[in-house]
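Report on one structure; see the data block that follows.
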Amino acid sequence: MLSKFSVKKPMTVIVGVVLVIILGIISFTSMTTDLLPSIDLPYVAVITAYPGASPEKVELTVTKPLEQVLSTTSGVEEINSISSENSSMVIIQFTQGTNMESAMIEMNGNVDMVKSQLDDEVGTPMLIKINPDMLPIVVASVDFDGKDITETSKKVTEEIIPEFERLDGVASVSGTGIIEESLQISLKQEKIDKLNNRILKSIDGKLSQTKAELDKAEKALQDGKVKFNEESDKQKEKLLEGSMSLSSGKSQVEQGLKLLIQGQEELEKKRDEIKKEKENLEKVIEEQIKAGEETSAEEKLKLTQLSITLEATNKSIEEILKQKKELEKKLSEIIGGEKQLEVGKATLNSELAKAQLQLEESEEAIKKGKEEFKIAEENAYKKAGLDGVISQSSLSSILAAENFSMPAGYITENKHEYLVKVGDQFSNIDEIENLELITLDIEGIGTVKLKDVADIGFVNNSHDMYAKINGNDGILLSFQKQSTASTAEVSHDINKTIKKLLKENPDMHINQLSDQGMYIDIVINSVLNNLILGGILAIVILLVFLRDIKPTFIIAMSIPVSLLFAIGLMYFSGVTMNVISLAGLALGVGMLVDNSIVVIENIYRLRSEGMSSAKAAVYGAAQVSGAIFASTLTTICVFLPIVFTQGISRQLFTDMGLTIAYSLIASLIIALTLVPTMSSTLLTNTKEKPHKLFDKIVGIYVKLLDKALNHKIIIIGLVVVLLISSAYSAFSMGTAFMPEVDSNEIMVSIEMPKESTTIDAREMSNKVMDIILTIPDVKTVGAMQGGNGSMGILGGNGSNKAVSMYIILKDERSNTSQQVATSIDEKTKDLNCDITVNSSNMDMSAMGGSGIEILVKGNDLDKLKEIATDLTGILENTEGTIDISNGLKDASEETRITVDKNKALKYGLTVAQVYQQVATAIKNETKSTNITINSNEYPVIVVTESKEELTRETLKDYTIKATVNGEEKEVSLKDISTISEDQALASINHKNQVRSMSVTAGIDNEHNIGLVSRDVESKISSYKLPEGYTIDITGESETINETLGDLIKMISLAIVLIYLIMVAQFQSLLSPLIVMITIPLAFTGGLLALVITGFEISMISMLGFLVLAGIVVNNGIVFVDYVNQLRLQGVDKRSALIETGKARIRPILMTALTTILGLSTLAMGIGMGADMIQPMAIVTIGGLTYATLLTLFIVPIIYDILHRKALVVEVEEGKNV
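Quick note on numbering: our numbering labels position 119 of the sequence shown as 654, and the sequence is numbered without any gaps.
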């Protein structure tokens, strides 16, 4: 037995207590502190960029394929997606208990499978595990005396942020309002035009020279043609003259030859005649001679004459023949001359034809040369400019390629490895300025360098930055912690570093706009103070009842020892110091003295009866050990059903359950060890002191109990009516997820109308800031543009039309954060913007949605819009709803360019190429690479001067450059596409791969979320939906219903477990039922307490009901157990009931009051953060108070009704019920 061992070996107990104290103190100082228990959300987001794509395009080509492949991941419970312009976000919810690390690995594999199916323009899907640690834990503003924003930015970037990033537990430090420098390369059209002019001049010169040569050749050809014609005519004339001369000579020769032939013929005829006459004459003479006749002289003369004539005739004939031969020769020569003339004529004609052909060919060549020159001239002028060669995209690619350095591998030589590194990055501006872009073989130009076409210099983003602190320019720093680090510890380190930096930089000012760590410290210190104060009040109650300092001191000692024991167990089991676990300790302060009270009272009673202190300590503890073990077990078991819950409920309640269990286990061990040990030493001289006031109270109670037993039906009827009315009243007040918590911080989000500009948003922010600064309780206001504050994770509005404000309230203020928030709402309600005010630093509603959300699911977007519009009307006609939105007002006008693929293909263009050219024309800025100069890294931005700003009107005439058959051409955008105007949804949502649209509404401060949700549900139930469409009510109301459902299950199961434990204790089925009556009594008190104090039923208040179920049965157990003992001793039932009430009223009141007063400071909400667990304390106090008072009356009445037979007989029959 522990008590016997403890009394016999007190030093061992003391050593154990010292060890508990040491370990408890070490554990307390080593425990991490957070506002709430660590919450592991089973959510993963897959974010994918798709530049230039519409929501419909994103949905079809990115979201749907991802949804299909991700839905096969093990443990997926629900898939939601948002397809927005330029991006897709798929949010996967897993079942509780899913190993998220394994799920992430499996999801990565699934995403890799679908990546190859996505368009080339789609970015790589990025997987992000959603975690509350993504929120910044500290937000602070920084400014310097005498430094402008540029100098401040440099100081913050180079010195302040690195100092914070070196701290353990700090994951990242991001700055808003920091002026960041970048190296801007601005393509100057003026410089490009100058180069173009020089190129054109050079081309003009070369073209002029070529043209002159062509003209010269053409002139020479014309001159040649003239000369050719002249020579041709001259040669032809000569040939004609020769031909005529030959013809004339031939004619003359032929005539002379004819005459000669005629003369020859006549002479030959005459010769023949003379010859014949001579022959006749000679014949005559011969005959005369023969005859002897003498020839006469006449005859002789005639013969001589005839001979002379014949000889003359022959000579003439010979002469004629000679002349004829000469003439024939001459004729032959003339005929030969004619032949030569014909040959010459043919040769001349041939040569002339050749020459003519050459001239014609030369003429054709010159003509073709001219045509080619004209084309070449046109092409030369087209290609002469650098506009198409040096563009924004080409320059960006060149810079990225040249700013390259990468290890290529290792070379092994003589057993040594040498790293081979290729490339060298830019190290200064000169290298960039002198970067050679292109070499032109043109005199006076040569190599074109970057500085020849662009201006290079550093620029900053001051025109894009907006960060204000109390109306002045400043820089906001947001700190995020590592997931395993303690928020409070990281915050403390940040604050230490802030103090150090302020000391080192007297001109620097740092104002903390948000500090979760400081808030946690305030809250936890508040709860700890309330815990200590509650413990003191519990001790005072003991002193009042016992009127003896010694037993009070013993119990007082058990409180810190039990707490330190519990804290040690918390530390070793990984429970952090947070509001929920401290609430468990606060409950434990009141309950952990219960066991000690029961033990010390029994020891005190035995000692008063004359038993020795040592024996009284041993037997007094032993006699009640079973009872206190059972009562401890019933209280602990109410938290056992937590293992059957899921989600946030389980993660939140586990810490409280473990803490209370540790407290009660510690109190049980201390009650059975330390209390007997100290009692055996301190209670040596003990005498019970009279208590007249309490005796009067007991007398009054006995009389009232006696009357109550005579009017049982009336009392029971009143109790039942009160239970029903209290439940009705409480639920009529509505429900909430978490109670509103007072904080020293307020978040304000400003969203401008869609037609507003960035300047409008800044002016509105300044106006709102001025209004807020007029509120007396406001200390500091910080504002930044382009974010949605700490809650802007994954879905936050990053638009430049949005402004987030951090408001710090004064420590000493007359209004709560909720009242200040209401004042802000009231003062800014007439401004032309949407303003959302969040007055809770850690609004748990953010985890379960906010307000009412109606989710409509179906396939047709137009039908969804129609239903959403109808539901919007229903919400607008529901009292209590504000800020109603269906997403349709976010629809924006868009100019849609639908490229005709076939038409574009004729010009060698794809849709992607058209997009690229249009996007470049609209956005004249491209990030190329990063360079490091003097250890500072700068982004390199390539900027193109816009020749003219594109409008919707000029867009259709925008020319797209194309290449057809190797030839560059230009085509108007309208010739290859259809340009239309349309209203586009800002996003397309899916739930479980089905299109959905949300209609949301906030709840004003005068109404309750639960009540308004019921009203909305009632109205929507009568709405007729088209076939294939469904409606789900989600948001905070859904979270409330789910959480309260879990808690009701927990309470129901806890009641069953309590009953089974009591059955085991009483060995009866009937007696536990009597004790169970105390549970609805406690619930009546808790509900009445909520109604009286004005708190709604929430997750925290339901915790109070859960705790009540385990606490209140202890009084019933004590009462029924003592009645049974008396009846077993032979006392009649009526007398046993009255005697029990008289004897047990003091311990019942003592245990109840110690618990009640232990929670009283929490119930009053004293201190910041106490209001988070205030409803639980109120329920517990109300329930325990009501149940304690009625237990002293209702339990005897029920016992009297149910126990009609003598207990002795029942025991003998083994039927003790």
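Positions of the beta carbon are idealized from the N, C-alpha and C atoms, including for glycine.
* Compare the beta carbon distance of A1206 and S1131 with 8 Å and say whether it is the shorter of the two. => In this structure, S1131 lies closer than 8 Å to A1206 by Cβ.
* Asked: Between which two residues does the beta strand (DSSP E) containing H1044 stretch?
  -> First-last of the beta strand (DSSP E) with H1044: M1043 to D1050.
* Neighbour-count burial assignment, G1252, 16 or more Cβ in a 10 Å radius -> Exposed, by the Cβ-count rule.
* Leaving out five residues before and five after E968 in sequence, what residues of the same chain have Cβ atoms less than 8 Å from its Cβ? -> In the same chain as E968, and ignoring 5 residues on each side of it, the C-beta atoms closer than 8 Å to its own belong to K984, L985, K986 and I991, in chain order.
* In whole angstroms, what separates the C-alpha of M1326 from that of I1281? -> In this prediction, M1326 scores a pLDDT of 37, lower than 50, which makes its location untrustworthy; the coordinate-derived value is nonetheless stated afterwards. Cα to Cα, the separation comes out at about 13 Å.
* Taking Cβ positions, are L1209 and V552 nearer each other than 8 Å? -> A contact, by the Cβ cut-off of 8 Å.
* Asked: What is the rounded straight-line gap between the Cα of S1522 and the Cα of T1498?
  -> Cα to Cα, the separation comes out at about 37 Å.
* **Closest residue to I843 among Q823, E1290 and E812 (Cα-Cα distance)** => Per the Cα distances, E812.
* Quick one: using the 10 Å Cβ neighbour count with 16 as the cut-off for buried, is A1044 buried or exposed? => Correcting the residue identity first, residue 1044 is His in this sequence and not Ala. Flag for H1044 reads exposed.
* Opening and closing residue of the alpha helix (DSSP H) in which A1318 lies -> Where A1318 is concerned, there is no enclosing alpha helix (DSSP H), although the beta strand (DSSP E) it sits in stretches over V1313 to Q1320.
* Asked: Between the C-alpha atoms of N1500 and T685, what's the straight-line distance to the nearest angstrom?
  -> Going by the C-alpha atoms only, they are around 53 Å apart.
* Exposure of Q1452, with buried meaning 16 or more beta-carbon neighbours within 10 Å -> Only buried fits Q1452, as 16 or more other CB atoms lie within 10 angstroms of its CB.
* Take every Cβ of the stretch 560-568, pair it with every Cβ of the stretch 593-612, and state whether three or more of those distances are shorter than 8 Å. => Fewer than three beta-carbon pairs drawn from the stretch 560-568 and the stretch 593-612 are found closer than 8 Å, and the two stretches are therefore not classed as touching.
* **Which of helix, strand or coil DSSP assigns to F1640** => Helix at F1640.
* To do: Check each candidate in H1738, T1696, I1646 and M1637 and name the one with the smallest Cα separation from R1662.
  => When each option's Cα is compared against that of R1662, the closest is H1738.
* Would you mind reading off the limits of the beta strand (DSSP E) that contains D678? => V673 to F679 is the extent of the beta strand (DSSP E) around D678.
* Leaving out five residues before and five after I1673 in sequence, what residues of the same chain have Cβ atoms less than 7 Å from its Cβ? -> Once the five neighbours on either side are set aside, the close Cβ partners of I1673 are V1237, L1240 and D1241.
* In chain order, what residues of the same chain lie with their CB nearer than 6 Å to the CB of S1264, ignoring the 5 residues before and after it? -> The residues are V1626.
* Residues near F1266 in its chain [Cβ-Cβ closer than 7 Å; skip 5 each side] -> Cβ neighbours of F1266 beyond the five flanking positions: I1632.
* Pull up the CB-CB distance for T1022 and D569, whole angstroms please, since I reckon it's below 8 Å. => With a Cβ gap of about 5 Å, T1022 and D569 count as contacting.
* **Exposure of F1188, with buried meaning 16 or more beta-carbon neighbours within 10 Å** => Buried.
* Thinking just about the alpha-carbon of each residue, which of M1585, K1584 and V1610 is nearest to the one in I1754? -> What is shown of the chain runs 536 to 1752, which leaves residue 1754 out entirely.
* Asked: For Q960, which residues from the same chain have a beta carbon less than 8 Å from its beta carbon, with the 5 sequence-adjacent residues on both sides left out?
  -> Exclusion of the five residues before and after Q960 leaves N938, F939, S940, I1466 and T1467 as the residues of its chain whose Cβ lies within less than 8 Å of its Cβ.
* Asked: Taking the alpha-carbon positions, what's the V1075 to G1386 distance?
  -> Rounded to whole angstroms, the separation of the alpha carbons of G1386 and V1075 is 45 Å.
* To do: Assuming G1620 contacts Y1721 (C-beta within less than 8 Å), just tell me the rounded distance between them.
  => Contact annotation, G1620 with Y1721: C-beta distance approximately 3 Å; criterion of less than 8 Å satisfied.
* To do: Leaving out five residues on either side along the sequence, give the residues of the same chain with a beta carbon under 6 Å from the beta carbon of I720.
  => Correct list, in chain order: A989, I991 and V1477.
* Supposed close pair V708, L1012 - CB separation, criterion 8 Å -> Contact between V708 and L1012 holds, since their C-beta atoms are separated by about 6 Å, short of 8 Å.
* From the DSSP output, in three-state form, read off K639 for me. => Going by the sequence as given, residue 639 is Met instead of Lys. Helix, per DSSP.
* CB of F1100 to nearest heavy atom of the ligand SAH: below 7 Å? -> With respect to small molecules bound, the structure shown includes none, and the ligand SAH cannot be examined in it.
* **Beta-carbon proximity list for I1586, same chain, < 7 Å, skipping 5 on both sides** => Sequence-distant partners of I1586 (beyond 5 residues in either direction) whose C-beta falls short of 7 Å from its own C-beta, in its chain, are F1640, L1641 and A1644.
* Same chain only: Cβ atoms within 6 Å of G1322, ignoring 5 sequence neighbours per side -> In this prediction, G1322 scores a pLDDT of 47, lower than 50, which makes its location untrustworthy; no coordinate-derived value is stated.
* At which residue ranges does the stretch 982-1029 contain complete alpha helix (DSSP H) runs of 4 or more residues, listed in the order of the chain? -> Here the runs fully enclosed are 985-988.
* So the alpha helix (DSSP H) I1409 belongs to, where does it begin and stop? -> L1396 to E1411 is the extent of the alpha helix (DSSP H) around I1409.
* On the premise that L662 lies in contact with T596, defined as a C-beta separation below 8 Å, what is that separation, rounded to the nearest angstrom? -> 19 Å between Cβ atoms; not a contact.
* Contact check, H1525 vs S622, beta carbons under 8 Å -> No, they are not a contact pair.
* To do: Output the residue ranges of the alpha helix (DSSP H) runs that lie fully inside the stretch 1151-1198 and measure 4 residues or longer, sorted by chain position.
  => You should have found no qualifying run.
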